[in-house]
Amino acid sequence: MKKKIFPIITLLLLAPLCGELLSSSAPPVEFFNPLTLLLFGALYGCGALLIRELVQRWNKGWASVFILGMAYGIFEEGVVVRSFFDPAWMDLGILGRYGRWMGVNWVWTVMLIVFHAAVSIIIPILLVELIFPSVRDETWFGDKGMWICGLVFLSTVLIAPLFGFHFTLPGIIACLLAIVLLGVVAYHWRDPHPEKMINKQPASSIKIGLISFVLILSFFFIYLVWPEFGLPVLITIIGLISLPLLAVQLIYRMGGLNWQDQHKWAAVFGALMPMVLLTFITEADNSNRPDDTTGMALVGLSFIIFLIVLGFSVKSRSNQQL
């Protein structure tokens, strides 16, 4: 158990670091408030730990991680803070009007479900398993640890009243049913392994990183720019849903079934770069924002250094295995 303490602590920190700090949702002055950091650890950190542990125990793959990540997004945004339903949510902007129907911010909802699955769950888990490869194929908790982690995670619903009362009973029920349904799907999911892809050689790390970068950049472009152009709401929603499906196809085509650590690192590096670039923009735009984004550029620079150092470590480890 001792050798798993550091991976557990790292994931507790990395999940909110990616989902809140790097994304600029909670700039440093907010993020490093002790109470806020404790809440983020309980919500993001315990959520990521639970998902990773369940997938390990069920002997499932990354598709199940993504599906459970979607369930996580619904729990956080639909049940705890309920931004799915709040027309005045602080980060909504035009999405408080564009795509709002029957009391739900639909574009915002779809965007956050995909975002949390990819950025708050998959990427932190990938990073931690790259940092601690010796325990990547193991469970990190006993049953008691699972219960404690689960109770801490579920306890975050106690803060729900702090976020107002913009919700409908059918909406909350729908969120809870969706969470249960996604859990069942993740449990029964079997990753399809097309025969022609099983022996496909991995693409170069540069290609993987570039495609990953373009996919995430396209995701931000769709939900930030398309609404400003007044595109039909359904087109924007279809675009947001299509991107993860496209990503799966591209991963298969790039030999994803045979990726080594350097390929996984390249995928994460490319995926995080749009958000790293965003940190410099948000700090430069500090005077025009309602929150204080001082320090965001330092966050971006720190992530670049962290990823580069991790990349060298992964490369060195790969060379030693040859």
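Last residue of the sequence shown? That's 989 in this note's numbering, and every number before it is there in order. Positions of the beta carbon are idealized from the N, C-alpha and C atoms, including for glycine. Bear in mind the structure is a predicted one, so any value in this text is a computation, not a measurement.
Residue i (DSSP reduced to helix, strand or coil)
i	result
S851	The question names Ser, yet the displayed sequence has Val at residue 851. Of the three classes helix, strand and coil, the one that applies to V851 here is helix, per DSSP.
P767	Sequence check: residue 767 is Arg here, not Pro. Correct three-state label for R767: strand.
N772	strand
K867	coil
L891	helix
F803	Sequence check: residue 803 is Arg here, not Phe. R803 falls in the coil class under three-state DSSP.
R749	coil
N726	coil
G649	An answer regarding residue 649 cannot be provided, because it is not within the stretch 668 to 989 covered by the chain.
A755	coil
Cβ-Cβ separation, residue j to residue i (assumed contact under 8 Å), whole Å
i	j	result
W725	Y854	6 Å
P694	G967	Not confirmed; about 12 Å, so no contact.
R749	F834	5 Å
L849	A738	4 Å
L678	V795	5 Å
Among the options, nearest to residue i - alpha-carbon criterion
i	options	result
V915	P859, L891, F808 and N953	P859
K867	W814, I839 and W926	W926
A964	L680, V696, P674 and L913	V696
G736	I904, D959, V786 and M921	V786
I883	L702, F782 and K727	F782
Rounded separation between residue i and residue j - CA only
i	j	result
T823	L705	10 Å
A755	Q929	43 Å
F979	V900	43 Å
S731	R719	9 Å
S691	I948	10 Å
L974	A933	10 Å
I790	I846	21 Å
L917	N953	37 Å
L977	S872	14 Å
7 Å Cβ shell around residue i - same chain, five flanking residues per side excluded
i	result
L836	none
F970	L689, L939 and V943
Same chain only: Cβ atoms within 8 Å of residue i, ignoring 5 sequence neighbours per side
i	result
V747	L710, T823, V824, I826, A827 and F830
G817	C713 and L717
Neighbourhood of residue i by C-beta distance below 6 Å, restricted to the same chain and skipping five residues each side
i	result
E744	S750, F751 and L779
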